[in-house]
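Heads up, the thing below is written out as structure tokens.
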Amino acid sequence: MIPCILAHDLGTSGNKASLFDFNGKLIGSTVVSYSVYYPRRGWAEERPEDWWNAVCQATKSVLEMVPDAEVSTVAVTGQMMGCLALDKEGKTLGNSIIWSDSRAEAESERLVRQLTKEGYQKITGQPPSASYTLPKILWQKEHMPEIYRNASVYIQAKDYINYCLTGVIATDPTDAAYTIAYDIQKKQWSEEILNCAEINKDKFPEVFQCETVIGKVTASAAKQCGLKEGIPVVVGAGDGSAAHLGAACTEPGDTYLCLGSSTWLVTQTDRLIFDEKGRMQSEPHVIKDQFVYTGTMQTGGMAYSWSRNAFQDTPIPYEKLEKMIGESPAGARGLLFLPYLMGERSPWYDFDLNGAFLGIRQGVQPGDFYRSVMEGVGLNLKILLKIIEESVAVKNIVLIGGGGKSNVWRQILADIFQKNILLPENMEAGTSIGGAIIAGVGTGIFDSYSDAKRFIKVENEVVPDESKSSLYEKKLQIFENAYYALKEINKEIKNSQ
């Protein structure tokens, strides 16, 4: 038998189950998909029962792939900033409102008026926006009062799976921070914020350090998902936070980019950094008493997927798309794309924003549209990189996430950033690797989080083309000007619907 760690990554579009041996080798992985539901403009929901079904199916499938696997411990990481209510019996009260939902804009604005954006940021590390959990709870309190009254506790996606596995309701500091109801310095739910919001602290779960073993797989869960009863389960972390470890972000100054459905740029710090303009977030690292300074985009890989499907009935094969983009020159013949298909978080925190193509002329080719999407995501990320470098020196950037599989895109990013891009061996497994490390530390398999370094093997390095620097700096200025020029027009578009 092969002793191993089972890591579940509960993402936006599906759950990935991964088995790692104690040396960090990925020995089996599978994904089970589920749907996102969009009942209205700006709304995004998922069914928690779909999550659990996906976890059970993925667990059985990956164990069938590796019949010699003997699971020693389990960790779950998952999408953050959700809003899932459980009643006093632990039953779900409707769907989970997920991270990309922006229905709670009015509630977010009310929170800002009560405590100011700066006040929230100093307590939580986050400037309030409709993305976070607390405004969504307030929205539910106002518009779905029966659910709010019957809610015993509000939890995140990975917390729900842990509850299904162990019967224990708990969360960790990383998911707690992204509710914007948690004081990241005092390490407790903020009485000041919850008093302003008029929400009882009892509606939030107890917070444990990420590597804490919160329970063991119950007999009922074992029967449903195929695991043995009694396997220890750690509390885990939010997906973005687990990815810090998976990208070997274990020392101050370590920086990485996760190019997934949503996208984030992160650097590790040994102190809290507060951006007075509210463009970035500070949050607890998985590693105790360490922090990360983060800029997060609503889309990234999602914008690329959208463009691949938007212009014709049948999506273009990725190989053909890569060729088309590669034949488009840097700058995409003047075409500019604003990647704000779901509004935007960093650096604007403006959910009235819309995506836009600018500079369309007769000579523009199909490949230019796709290249401009990649460049648009990269230009927004360059703004975030410049903000980070106001406080922290960045040498190299580790790239993880599915978007990093594109040779063209990673070269575009290197050219825009003018930084070397480091490509790990398992770039799509960053979050799962982080979860495995958390579980290993929590159960004594690993001595410390520095073991992340031996999990990450740099496979390749992308060097920037210095000759592209001037072009992209000019395009960056146009990109920022376009945001300001269209800001009021985007509001008019929203009000016209």
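Each residue of the sequence shown is one higher than the one before, counting from 79 in the working numbering.
Note that beta-carbon positions come from the ideal geometry of N, C-alpha and C, so glycine has one too.
- Three or more beta-carbon pairs separated by less than 8 Å are not found between the stretch 477-485 and the stretch 279-295, which leaves the two stretches without contact.
- Around the CB of ASP237, 16 or more other CB atoms lie within 10 Å, so the residue is classed as buried.
- Relative to ASP99, the option among PHE557, VAL149, GLU196, TRP130 whose CA is nearest is VAL149.
- In terms of Cβ geometry, GLU284 and ALA248 form a close pair [threshold 7 Å].
- For ASP87, the uninterrupted beta strand (DSSP E) run begins and ends at 80-88, by DSSP.
- The C-alpha of ASP317 lies about 24 Å from the C-alpha of GLY304.
- For VAL486, the enclosing alpha helix (DSSP H) begins and ends at 485-495.
- Cα atoms of MET143 and SER360: separation of roughly 39 Å, rounded to the nearest angstrom.
- By the C-beta density criterion, GLY308 is exposed, having fewer than 16 other C-beta atoms within 10 angstroms.
- A residue is called buried once 16 or more other Cβ atoms fall within 10 Å of its Cβ, and GLN218 is buried on that count.
- DSSP places PHE533 within a helical segment (H, G or I) once states are collapsed to three.
- In the same chain as SER207, and ignoring 5 residues on each side of it, the C-beta atoms closer than 6 Å to its own belong to SER186, TYR427, in chain order.
- Excluding sequence positions up to five before and after TYR527, its CB lies within less than 8 Å of the CB of LEU323, THR328, VAL364, ILE365, ILE515, VAL519, all in the same chain and listed in chain order.
- Take SER111, set aside five residues on each side of it, and the residues of its chain with a beta-carbon closer than 7 Å to its own are SER91, GLY92, in chain order.
- No Cβ-Cβ contact shorter than 7 Å links ALA275 with GLY508.
- Contact check for LYS94 and VAL109: beta-carbon distance about 5 Å, within the 8 Å limit, so the pair qualifies.
- Shown here, LEU350 sits in coil according to DSSP, grouped into three states, outside any helix or strand.
- Boundaries of the beta strand (DSSP E) around PRO502: 498-502.
- In this chain, ASP128 is not harboured by any beta strand (DSSP E); it is covered by the alpha helix (DSSP H) spanning 126-143.
- Under the three-state reduction of DSSP, ILE571 is assigned to helix.
- For TYR334, the enclosing beta strand (DSSP E) covers residues 333-337.
- With contacts defined by Cβ atoms closer than 7 Å, GLU183 and PHE429 form a contacting pair.
- Under the three-state reduction of DSSP, LEU216 is assigned to helix.
- The beta-bridge partner set that DSSP reports for LYS294 consists of PRO310.
- Annotation for GLY245: THR296 place their beta carbon closer than 6 Å to its own, counting only its chain and skipping 5 residues before and after.
- The continuous alpha helix (DSSP H) containing PRO251 extends over residues 251-255.
- Cβ-Cβ distances below 7 Å link TRP487 to MET452, GLY481 in the same chain, with the five nearest sequence neighbours on each side left out; the list follows chain order.
- A direct Cα-Cα distance of roughly 11 Å separates GLY356 from ILE465.
- Secondary structure note for GLY518: its alpha helix (DSSP H) is the uninterrupted segment 508-520.
- In terms of Cβ geometry, MET402 and SER339 do not form a close pair [threshold 7 Å].
- Under the three-pair Cβ rule at 8 Å, the stretch 435-450 counts as touching the stretch 397-416.
- Look at ASP446 here: in three-state DSSP terms it is helix.
- By the criterion of at least three beta-carbon pairs nearer than 8 Å, the stretch 213-229 is not in contact with the stretch 381-397.
- Around the beta carbon of GLU354, a 10 Å sphere encloses fewer than 16 other beta carbons of the protein chains shown; the residue is thus reported as exposed.
- Around LYS572, the same chain offers ASP430 as residues with beta carbons nearer than 7 Å, after the five sequence neighbours per side are excluded.
- Counting every other CB atom within 10 Å of its CB across the protein chains shown gives ALA471 a total below 16, marking it as exposed.
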